[in-house]
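Trainee: Chains as they are written, first to last, in our numbering: chain Y, 408 to 497; chain U, 408 to 497; chain W, 118 to 279; chain X, 118 to 279.
The C-beta atom is built at its ideal place from N, Cα and C for all residues, glycine as well.
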């Protein structure tokens, strides 16, 4: 549980959850904070599926602690970062 | 029933029905047709209550055969002419 | 497309009315509805009883015309207008308007349009009984304004966004 | 003013939901509601099953925010948003939005506003099963347009006419 202080929770939803084959994971941070843009770059470097789905220009949203944010937002240890496609409820 | 060929049906509704003390009456026409404006003038000449309620500038509507019309509309024998206050349903 | 209209003394149930409309058409994806009811207070006075008068014959004609107008302006499937007449009491339901469509924008616009026109064109009149006696409800200028706004082209554009 | 929100697998009954809101407030004169349901056809394909996923935690937060936003813009009493999740079938009800008010203009505007924002902001996703397999429903550009129009001052003026 000590890890929680230097890591974040990643949540993938809907089509992205299916494409990545994971719903939730814990990701260790190299520093105490990281911008959303840097986090996305790190995820894109994982494999071609991540690279494709999270490519710039693709339609997806990032929410930190349940609030949608932009690429400049700073993610801190302990945050929950969700990545999901445009919503289609209602 | 021969009268129907030279007369119209007058219908008063809601507040006007109460004020005039009549819901429906048969009115004989002097000619085969009369403008709504002339008909209203004739009704105003009946008594002070008609004169007041149907004074020009008062808010009321005239419908001939279930369609709202203006003062220039020609009323013909056999028509049903309804006079009523602004509607307040819904 | 069908336009159902009813003028009745009996109460209505909105769920049942929606179910009846949907049973006719499995392509319905959006149901917009409006229900108006008797408030226990109006213009500051406590309303004990309300009497709804209408003009039989013209009422049905106007409600049909309003429904047809809505159907000509928006992509809707069916519409329903139910309006009660006679004696009503505080909290009683008065009027129900429903529009069904494939998409919500059309359903909302048609429903609101029908209500605005019903309020200004359909021959219904309300008489309230309060502690001070009876009085006929006065027409509201804001209702005329609400109905007139549908005459501008802007509303058509707006409805097509949904 | 209260904002009720529910995310549930169970079905709902619109008449009962309206009755529950009205029981809290005898001054309600206007009830605008919207119900969205599963069509048996979408994009030309026959839909056999639909799965509604959401993001627990954020969903409730967004629905509360949307409700509070509506309450800050219009004179409404209470709002209700019910959204179903899990497996749904053709003709099933999906979503219900209700706004109660003293007057219809505010109720209509608040209800439509909540639906437009729910469609574009609340974290729900639909997956359809058709004869050709499963597919996630694509977001519609028209939904973004519908939500954005509330950002213009024009809509405020419009809502105050009713």
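State the CB to CB distance for the pair residue 241 (chain X) and residue 176 (chain X), rounded to an integer number of angstroms; the pair is presumed to be in contact (CB under 8 Å).
Mentor: 7 Å
Trainee: Quick check on residue 137 (chain X) - is its C-beta less than 8 Å from some C-beta in chain W?
Mentor: no
Trainee: Within 10 angstroms of the Cβ of residue 130 (chain W), are there 16 or more other Cβ atoms? Answer buried if so, exposed if not.
Mentor: Exposed.
Trainee: So which residues of chain Y does residue 174 (chain X) contact, with C-beta pairs closer than 7 Å?
Mentor: 473
Trainee: So, with DSSP's three-state summary, where would you put residue 161 (chain X)?
Mentor: Secondary structure at residue 161 (chain X): coil, using DSSP grouped into helix, strand and coil.
Trainee: Using C-beta distances below 8 Å, list every residue in its chain close to residue 460 (chain Y), excluding the 5 sequence neighbours before and after it, in chain order.
Mentor: 423, 426, 427 and 467
Trainee: Could you tell me the alpha carbon to alpha carbon distance between residue 150 (chain X) and residue 204 (chain W), rounded to whole angstroms?
Mentor: 26 Å
Trainee: For residue 494 (chain U), which residues in chain W fall below 8 Å Cβ to Cβ?
Mentor: 236, 237, 238, 239, 240, 241, 242 and 256
Trainee: Quick one: what's got a C-beta closer than 8 Å to residue 442 (chain Y)'s C-beta in the same chain, skipping five residues either side?
Mentor: 478, 479, 480, 481 and 482
Trainee: Exposed or buried, which one is residue 411 (chain Y) when buried takes at least 16 other CB atoms within 10 Å?
Mentor: The predicted model places residue 411 (chain Y) with a pLDDT of 49, which falls under 50 and marks its position as unreliable; any figure quoted below should be read in that light. Counting Cβ neighbours within 10 Å, residue 411 (chain Y) comes out exposed, since fewer than 16 surround it.
Trainee: What does DSSP give as the partner residues of residue 246 (chain W) in its beta bridges?
Mentor: Answer is W:166 and W:251.
Trainee: Should residue 178 (chain W) be flagged as near chain U, meaning a C-beta pair shorter than 8 Å?
Mentor: yes
Trainee: State buried or exposed for residue 485 (chain Y), treating a residue as buried only when at least 16 other CB atoms are found within 10 Å of its CB.
Mentor: exposed
Trainee: Identify the contact partners of residue 219 (chain X) in chain W, using a Cβ-Cβ distance below 8 Å as the criterion.
Mentor: 156
Trainee: Does DSSP classify residue 172 (chain X) as helix, strand or coil?
Mentor: coil
Trainee: On the DSSP bridge assignment, give the partners of residue 204 (chain X) in chain order.
Mentor: X:168
Trainee: Taking Cβ-Cβ distances shorter than 9 Å, what residues in chain U pair up with residue 213 (chain W)?
Mentor: Here the premise fails: no neighbours, minimum Cβ distance about 10 Å.
Trainee: The beta strand (DSSP E) that contains residue 123 (chain W), what's its start and end?
Mentor: First-last of the beta strand (DSSP E) with residue 123 (chain W): 119 to 125.
Trainee: Hey, does residue 279 (chain W) have any beta-carbon neighbour from chain U nearer than 8 Å?
Mentor: Residue placement at residue 279 (chain W) cannot be trusted, given a pLDDT of 39 that sits under 50; what the coordinates show is reported in the next sentence. No, residue 279 (chain W) does not count as interfacial toward chain U.
Trainee: Give a yes or no on contact between the stretch 263 to 270 of chain W and the stretch 183 to 195 of chain X, applying the rule of three or more CB pairs nearer than 8 Å.
Mentor: no
Trainee: Measure from the C-beta of residue 431 (chain Y) to each C-beta in chain X and report whether the shortest distance is under 8 Å.
Mentor: no
Trainee: Given 8 Å as the limit, is there contact between the stretch 153 to 168 of chain X and the stretch 230 to 249 of chain X, that is, 3 or more CB pairs closer than that?
Mentor: yes
Trainee: Name the DSSP bridge partner or partners of residue 280 (chain W)?
Mentor: This structure leaves residue 280 (chain W) out entirely; chain W is present only between 118 and 279.
Trainee: Under 8 Å Cβ-Cβ, which residues of chain W neighbour residue 151 (chain X)?
Mentor: 147, 148, 149, 150, 221, 224 and 225
Trainee: Could you tell me the distance, in whole angstroms, from the CA atom of residue 178 (chain X) to the CA atom of residue 231 (chain W)?
Mentor: 34 Å
Trainee: Just list the residues that DSSP pairs residue 441 (chain U) with in beta bridges.
Mentor: U:482
Trainee: Beta carbon of residue 233 (chain W), beta carbon of residue 258 (chain W): below 8 Å?
Mentor: Not a contact, by the Cβ cut-off of 8 Å.
Trainee: How about residue 465 (chain U) and residue 458 (chain U): do their beta carbons lie closer than 8 Å?
Mentor: no
Trainee: If you follow the beta strand (DSSP E) that residue 225 (chain X) is in, where does it begin and where does it stop?
Mentor: No beta strand (DSSP E) holds residue 225 (chain X); the alpha helix (DSSP H) holding it covers 221 to 238.
Trainee: Would you check if the stretch 208 to 220 of chain W and the stretch 203 to 223 of chain X touch, i.e. whether three or more CB-CB distances between them fall below 8 Å?
Mentor: Because the criterion of three Cβ pairs below 8 Å is not met, the stretch 203 to 223 of chain X and the stretch 208 to 220 of chain W do not touch.
Trainee: Which stretch, first to last residue, makes up the alpha helix (DSSP H) that contains residue 258 (chain W)?
Mentor: Here the alpha helix (DSSP H) through residue 258 (chain W) covers 258 to 265.
Trainee: Report the rounded CA-to-CA distance for residue 174 (chain W) versus residue 119 (chain W), giving the unit in angstroms.
Mentor: 20 Å
Trainee: Could you name the residues that DSSP lists as bridge partners for residue 431 (chain U)?
Mentor: U:418
Trainee: To the nearest angstrom, how far is it from the Cα of residue 252 (chain X) to the Cα of residue 455 (chain Y)?
Mentor: 21 Å
Trainee: Please list the partners that residue 131 (chain X) has in chain W, where partner means a Cβ-to-Cβ separation under 9 Å.
Mentor: 131, 132, 135, 148 and 150
Trainee: Determine the direct distance from the alpha carbon of residue 439 (chain Y) to that of residue 491 (chain Y), and round the result to whole angstroms.
Mentor: C-alpha separation (whole angstroms): 24 Å.
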